[in-house]
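Undergrad: Just passing along the structure, written as structure tokens.
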Amino acid sequence: MSMQPPSAEPTGWRALVRMAFANRSFLVGFIITALIAAMALVSFLWTPYDVTHLVVADRMKGLSAEHPFGTDHFGRDILSMIMVGSRNSIAVALVAVGIGMGIGVPLGCWAAARGGWIDEALMRFNDVVFAFPALLSAVMITAIFGPGAINAIIAIGIFNVPVFARVARAGALSLWPREYVLAARASGKGKALITIEHILPNIASILLVQGTIQFALGILAEAGLSYLGLGAQPPMPSWGRMLFDAQTRMMVAPHLAIFPGLAIVITVLGLNLLGDGLRDMLDPKLRRQR
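Counting from 1, position 222 in the sequence shown corresponds to residue 218 in my numbering; the numbering is continuous, with no gaps.
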């Protein structure tokens, strides 16, 4: 009687796909995020109505087959505005996170590699930046350069820099005493090369998870800035601006606030679920507990 060899566990991308389908948080978050991203991409090619076209005769209409989400106080289709507003929110948050990661990660890795007064100076500088939240930074930047999406991106990006710097520094500091890093140093490799070859690949997972979290916070920050009139300016639709315009018409037309509010909630929820799922999938300790 022949013995059947034990089936090997899937490795590589197959293992990742298997873990993704087994992780409900990641799966739900990925589906929501993918649908929001698809809606933003579709809005570049098609929307039910032109968001810059005003039809006063159709102002504040309720839900109908012609306008599934109703119309606003200028007669614009709310579904079309939400579709166009999604690409604005995603673009602002994505670029802001890119700025924070592109500047913060090298700073954090440099501080961990050098140590001493450089590490201390960079961390105290991070504390100073943390003292000015994204909203306050946007107010100061807007006072100098005027309101707009670019200034909102700069403000949110500046706030993200110390976040990624701290995460990168903490992850790098935990790796520098490891044996393989010590062996690389003993072989004559410099700190910059060690950071690129050994440190960054091993902290990429925590940076990815932090990126999804900051992406969700960037969506909220952009909506808050637009609500205050500091983000994207009319006629460009924005979820935060839509909420601002709806606040005085809640009793007459509640759908003006319900649908952009749901868009923000669903997008942030999807990104948070995606981040939680990535953390569970990429953390070996959490995987062993499941």
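Each residue gets a CB set at the ideal place from its N, CA and C atoms; glycine is no exception. Remember, it's a predicted structure, so these values are computed and weren't measured experimentally.
1) Identify every residue that forms a DSSP beta bridge with Thr67.
2) On a CA-only basis, which of Phe40, Pro197, Trp172, Gln206 is nearest Lys187? Give me that one, please.
3) Relative to the C-alpha of Phe126, which candidate in Ala92, Gly58, Pro158 has its C-alpha closest?
4) In the DSSP assignment, find the alpha helix (DSSP H) that holds Glu116 and state where it starts and stops.
5) Beta-carbon within less than 8 Å of Leu204's beta-carbon, same chain only, minus the 5 sequence neighbours each way: which residues are those?
6) Is it true that the CB of Ala151 sits closer than 8 Å to the CB of Ala139?
7) By the DSSP assignment, the alpha helix (DSSP H) with Gly271 in it spans what residues?
8) In angstroms with no decimal places, state the Cα-to-Cα distance between Phe65 and Phe255.
9) Which value, in whole angstroms, describes the spacing of the CA atoms of Val38 and Gly58?
10) Thinking C-alpha only, which one of Asp241, Thr208, Ala212 is nearest Ser222?
11) Can you tell me which of Leu196, His251, Arg245, Ala117 puts its alpha carbon nearest to the alpha carbon of Ile78?
12) Contact check, Asp73 vs Met56 under 8 Å by CB: the rounded distance?
13) Please go through the same chain and pick out, in chain order, the residues whose beta-carbon is closer than 7 Å to the beta-carbon of Ala164, but skip the five residues on each side of it.
14) Below 8 Å on the Cβ atoms is my contact criterion, and I expect Met97 with Ala107 to pass it. Report the Cβ-Cβ distance as a whole number of Å.
15) On the three-pair Cβ rule with 8 Å, is the segment 81 to 90 touching the segment 204 to 214?
16) Which word fits Thr244, buried or exposed, when buried means at least 16 other C-beta atoms lie within 10 angstroms of its C-beta?
17) Using the beta-carbon count (16 or more within 10 Å), is Ser234 buried or exposed?
18) If you measure between the beta carbons of Asn84 and Met238, is that distance less than 8 Å?
19) Measuring only the C-alpha atoms, how far is Pro2 from Met15?
20) Could you give the distance in angstroms between the alpha-carbon of Met35 and the alpha-carbon of Thr29?
21) Between which two residues does the alpha helix (DSSP H) carrying Val159 extend?
22) Could you tell me if Ala4 is buried or exposed, where buried requires 16 or more neighbouring beta carbons within 10 angstroms of its beta carbon?
23) Would the beta-carbon of Gly81 be found less than 7 Å away from any heavy atom of the ligand SAH?
24) Provide the residue span of the alpha helix (DSSP H) that contains Ala242, from first to last.
25) Assign Gly271 to buried or exposed, taking buried as 16 or more other Cβ atoms, counted over all protein chains shown, within 10 Å of its Cβ.
TA: Here's the rundown:
1) For the purposes of this step, residue 67 is identified with residue 71 of the sequence shown, where counting begins at 1. DSSP lists Asp73 as the bridge partner or partners of Thr67.
2) Working through the sequence shown from its first residue, we reach residue 187 at position 191. When each option's Cα is compared against that of Lys187, the closest is Trp172.
3) What you label residue 126 is simply residue 130 of the sequence shown in a count that begins at 1. Closest by alpha carbon: Pro158.
4) By one-based count along the sequence shown, residue 116 stands at place 120. 112 to 126 is the span of the alpha helix (DSSP H), which, as asked, contains Glu116.
5) One-based indexing of the sequence shown puts residue 204 at position 208. Excluding residues within five positions, the ones whose Cβ falls inside 8 Å are Leu274, Leu278.
6) As a position in the sequence shown, residue 139 is number 143, starting the count at 1. As a position in the sequence shown, residue 151 is number 155, starting the count at 1. Contact flag unset, no.
7) Here residue 271 is taken as the residue at index 275 of the sequence shown, counted from 1. Annotation: the continuous alpha helix (DSSP H) that includes Gly271 extends over 251 to 278.
8) Counted from its first residue, the sequence shown places residue 65 at position 69. Counted from its first residue, the sequence shown places residue 255 at position 259. Going from the Cα of Phe65 to the Cα of Phe255 covers about 7 Å.
9) Within the sequence shown, residue 38 is the residue found at index 42, counting from 1. Within the sequence shown, residue 58 is the residue found at index 62, counting from 1. Each residue's alpha carbon lies about 24 Å from the other.
10) Locating residue 222 in the sequence shown gives position 226, where the first residue counts as 1. Answer by Cα proximity: Asp241.
11) Here the question's residue 78 lines up with position 82 in the sequence shown. Considering only alpha carbons, the answer is His251.
12) Within the sequence shown, the letter at position 77 stands for residue 73. Within the sequence shown, the letter at position 60 stands for residue 56. Contact flag wrong, Cβ pair sits at about 12 Å.
13) Your numbering for residue 164 matches position 168 in the sequence shown. Excluding its 5 nearest sequence neighbours in each direction, Ala164 has C-beta neighbours in its own chain below 7 Å: Gly100, Val101, Gly104, Cys105, Ile199, Leu203, listed in chain order.
14) The sequence position of residue 97 within the sequence shown is 101, counting from 1. The sequence position of residue 107 within the sequence shown is 111, counting from 1. Met97 to Ala107, Cβ: 15 Å. No contact.
15) Output reads yes: the segment 204 to 214 touches the segment 81 to 90.
16) The residue you call residue 244 lines up with position 248 of the sequence shown. In the assembly as shown, Thr244 is an exposed residue. Its beta-carbon has fewer than 16 other beta-carbons within 10 Å.
17) Counting from 1 along the sequence shown, the entry for residue 234 is found at position 238. The Cβ neighbour count for Ser234, taken over all protein chains shown within 10 Å, is at least 16; the residue is labelled buried.
18) Position 88 of the sequence shown, counting from 1, holds the residue named residue 84. Position 242 of the sequence shown, counting from 1, holds the residue named residue 238. Cβ atoms of Asn84 and Met238: not closer than 8 Å.
19) Within the sequence shown, numbered from 1, the residue matching residue 2 stands at position 6. Within the sequence shown, numbered from 1, the residue matching residue 15 stands at position 19. Annotation note: pLDDT 48 at Pro2 (below 50); position unreliable, coordinate value reported separately. Pro2 and Met15 have their C-alpha atoms some 20 Å from each other.
20) For the purposes of this step, residue 35 is identified with residue 39 of the sequence shown, where counting begins at 1. For the purposes of this step, residue 29 is identified with residue 33 of the sequence shown, where counting begins at 1. Whole-angstrom Cα-Cα distance: 10 Å.
21) Locating residue 159 in the sequence shown gives position 163, counting from the first residue. Residues 145 to 171.
22) For the purposes of this step, residue 4 is taken as the residue at position 8 of the sequence shown. Because Ala4 carries a pLDDT of 46, less than 50, the predicted location of this residue cannot be relied on, and no value is offered for it.
23) Questions concerning the ligand SAH fall outside what the structure shown contains, since it holds no ligand whatsoever.
24) Walking along the sequence shown from the start, residue 242 turns up at place 246. Judged by DSSP secondary structure, Ala242 falls within the alpha helix (DSSP H) whose first and last residues are 235 to 242.
25) By 1-based counting over the sequence shown, the position of residue 271 is 275. Counting Cβ neighbours within 10 Å, Gly271 comes out buried, since at least 16 surround it.
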